[in-house]
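Counting from 1, one number per residue, gives the positions in the sequence shown under this note's numbering. C-beta: ideal position from N, C-alpha, C; glycine also. All values derive from a computational prediction rather than experimental measurement. What follows is one structure encoded as C-alpha cells, with my remarks underneath.
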Amino acid sequence: MSASSVIETEGLTKHFGHIRAVDGLDLSVHAGAIFVHAGAIFGFLGPNGAGKSTTIRMLTGLLRPTGGEARVLGRPIRDRLRVGRSIGALVDEPAFYPYLTARQNLRLLASLSGGARAEEIQEALKLVGLDQDADRKLHTFSHGMRQRLGIAQALVPRPRLLILDEPASGLDPEGLAEVRDLLRRLSEEGMTIFLSSHLLGEVEQLCTDVGVISHGKLIAQGAVGGLLAGGGPAVRLRVDDARKALSVLADLPNVMAAATGDGSIEVGGERDSAQLNELLVRAGVRVYELRPAHRTLESFYLETMRAGKSNDRPDAEKAENDNDGSG
Ligand code: ATP
1 MSASSVIETE GLTKHFGHIR AVDGLDLSVH AGAIFVHAGA IFGFLGPNGA
51 GKSTTIRMLT GLLRPTGGEA RVLGRPIRDR LRVGRSIGAL VDEPAFYPYL
101 TARQNLRLLA SLSGGARAEE IQEALKLVGL DQDADRKLHT FSHGMRQRLG
151 IAQALVPRPR LLILDEPASG LDPEGLAEVR DLLRRLSEEG MTIFLSSHLL
201 GEVEQLCTDV GVISHGKLIA QGAVGGLLAG GGPAVRLRVD DARKALSVLA
251 DLPNVMAAAT GDGSIEVGGE RDSAQLNELL VRAGVRVYEL RPAHRTLESF
301 YLETMRAGKS NDRPDAEKAE NDNDGSG
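Laid out in C-alpha cells, this is it:
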C-alpha cells in the first residue's frame, strides 16, 4: 500500500446467502496529489444494487466482509476502533430527534461514541454553515439542512477521511449546491472524501476521482480528467433516427456511442467526424448536426456499463439484467 493510500481493498467480498453483493473488489483511494493541499474527492458510482452501500458498510465497520482485505487509513478494517476518530461517516440518515435543536442532536449523537467538547460541536456546525441555526429545533429544518447536519455529525471528530453514502439524495438544486460547496471547502482544507452517488453531473463537477461498480465488481477506476480524456476524440451527433444510428455505431469496432439526455448521441473512439457521417448516411440515417464534444461523465459511465454487460457475464444473466431497468 502506498503512503498516500487512504482506502485500499483487495478481493473485498460480501455474500448475503447466494447474493454476491460485493465480489472481489480491488479499490484504491488516494489522499490527493502531493504538493496540492486539497484532498481527493472520490465518487463511487454504480446502478441500484451494484454493491456501493455494502462496500461502504464494510469500510465503516457496520458489516463484516465474507472475504478479502481492506485497509482504511492504513489499518485493516477489523482494527476500526483504533482509527474511529479519524473517519467520519454518514451511511444512513441519522435518527435526529425533531424536538431537539441541531446542537442538542449533535451532542446526543456524539455521546454515543465517547462524547465531544462543546467547541468541537460548534466547529462542526460552523463548517456546514449551520452555526446560526444551531439552536433551532430539527422539525423546522429543510431536507438540505438536515443533510448538512448529518454531515456535521460526521465532522465532529474532525476526521481525515469522510465517507458519505448518497449525500445528495433527495436534495433540490439549492440543497445540492450547498452540499457541493461544503464538500469542496472540506477538501480544500485537506480532507479526503469518499462518496457514493447516482448524480453523474454532480460527481463530474465535484469529484477528482471515480470508481464504477457493477454487480459487486469494480469495472473502472481513475482520475476524472484521465477517464474523460480516454476513448479517442468525442463527437456529438443529432440525427433523425437515434435508435438506428446507435445500432449502426454499435457494430463498429473500437467505437463507443451513447444517447445523451437531450436526444443527441455522443460518440468516442477511432473514427473521425467525416467517417462517422459517411457511415451513417450510407445506412440511411440523416445527420443534422455533427460537432466535437466534451466527453461527459454520463457518457463515460453509460459506455462503461454497456462494455461491462457485454464482456463479463454469461448470456442468461445478461438477458436477465438487461431487462431490470436499473440505472
Ligand atoms: P443502491 O444504489 O440502490 O443503494 P447499492 O449499490 O448501494 O444500491 P447495495 O445496497 O450494496 O447496493 O446492495 C447490493 C446487493 O446486495 C443487492 O442485491 C441487495 O439486494 C443486496 N443486499 C444488500 N444488503 C442486504 C442484506 N442485508 N441482506 C440481503 N441482501 C442484501
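Item                                                                                                                                                                         : Value
Does the count of Cβ pairs from the region 145-163 and the region 200-208 closer than 8 Å reach three?                                                                       : no
Determine the closest residue to S273 out of M256, H294, T304, L237, with distance taken between C-alpha atoms.                                                              : L237
Suppose the cutoff is 6 Å on Cβ atoms and the five residues either side in sequence are ignored; what does the same chain contact list for S113 look like?                   : none
Run through the DSSP bridge pairs and tell me what H30 is partnered with.                                                                                                    : S5
Pick out every residue whose C-beta is nearer than 6 Å to a heavy atom of the ligand HEM: which are they, in chain order?                                                    : In terms of ligand content, the structure shown lacks the ligand HEM and carries the ligand ATP instead.
By a C-beta neighbour count over all protein chains shown, 10 Å radius and 16 as the cutoff for buried, is R103 buried or exposed?                                           : buried
Could you have a look at E320 and say whether DSSP puts it in helix, strand or coil?                                                                                         : Because the pLDDT of E320 is 45, which lies under 50, any placement of that residue in the model is unreliable, and the question is left without a value.
Quick one: what does DSSP say V224 is sitting in, helix, strand or coil?                                                                                                     : helix
Curious, which full-length beta strand (DSSP E) runs of at least 3 residues does the region 148-203 contain?                                                                 : 161-165, 192-196
Compare the beta carbon distance of A40 and T192 with 8 Å and say whether it is the shorter of the two.                                                                      : yes
Quick check on the burial criterion: 16 or more other C-beta atoms within 10 angstroms. Buried or exposed for D292?                                                          : A quick correction: the sequence has Pro, not Asp, at residue 292. P292 is exposed by the Cβ-count criterion.
Just to confirm the assignment: which complete beta strand (DSSP E) runs, minimum length 3, are found wholly within the region 40-128?                                       : 41-45, 67-72, 87-90
Closest to R107 by CA distance: which of A154, S86, L62, T140 is it?                                                                                                         : A154
Just verifying my parser: in three-state terms, what is the DSSP assignment at S247?                                                                                         : helix
Apart from the five residues just before and just after R85, which ones in its own chain have a Cβ nearer than 6 Å to its Cβ?                                                : P157
Output yes or no for whether 8 Å exceeds the beta carbon distance between P65 and L27.                                                                                       : no
Based on Cα-Cα distance, which residue from G170, A283, F300 lies nearest to A234?                                                                                           : F300
Measuring CB to CB, does V267 end up less than 8 Å from L276?                                                                                                                : yes
Identify the continuous alpha helix (DSSP H) that holds R291 and give its terminal residues.                                                                                 : Segment 287-292 is the beta strand (DSSP E) holding R291; no alpha helix (DSSP H) there.
Should L200 be flagged as near chain C, meaning a C-beta pair shorter than 8 Å?                                                                                              : The question asks about chain C, but that chain is absent: this structure has only one protein chain.
Mark G74 as exposed unless 16 or more other C-beta atoms lie within 10 angstroms of its C-beta, in which case mark it buried.                                                : exposed
For R20, which residues does DSSP report across the bridge?                                                                                                                  : H15
Spatial neighbours of T140 within its chain, please: CB distance less than 7 Å, with the 5 preceding and 5 following residues excluded, ordered by chain position.           : none
Where does D133 land, buried or exposed, given buried means 16+ other C-beta within 10 angstroms?                                                                            : buried
Hey, how far is the Cα of H15 from the Cα of E278?                                                                                                                           : 49 Å
Looking only at its own chain, which residues have a Cβ that is under 8 Å from the Cβ of Y97, when we skip the five neighbours before and after it?                          : Q104, N105, L108, L138
Could you check how far apart the C-beta atoms of I163 and F194 are, in whole angstroms? I think they sit under 8 Å.                                                         : 5 Å
Can you have a look at R295 and say buried or exposed, based on whether 16 or more other CB atoms are within 10 angstroms of its CB?                                         : buried
Would you say Q122 and D135 are within 8 Å of each other, going by their C-beta atoms?                                                                                       : no
Leaving aside the five residues before and after S214 along the sequence, list all residues of the same chain whose C-beta is less than 7 Å from its C-beta, in chain order. : G46, P47, A50, M305, G308
Between S187, F42, G68, M58, which lies nearest to G24 when the distance is taken from Cα to Cα?                                                                             : G68
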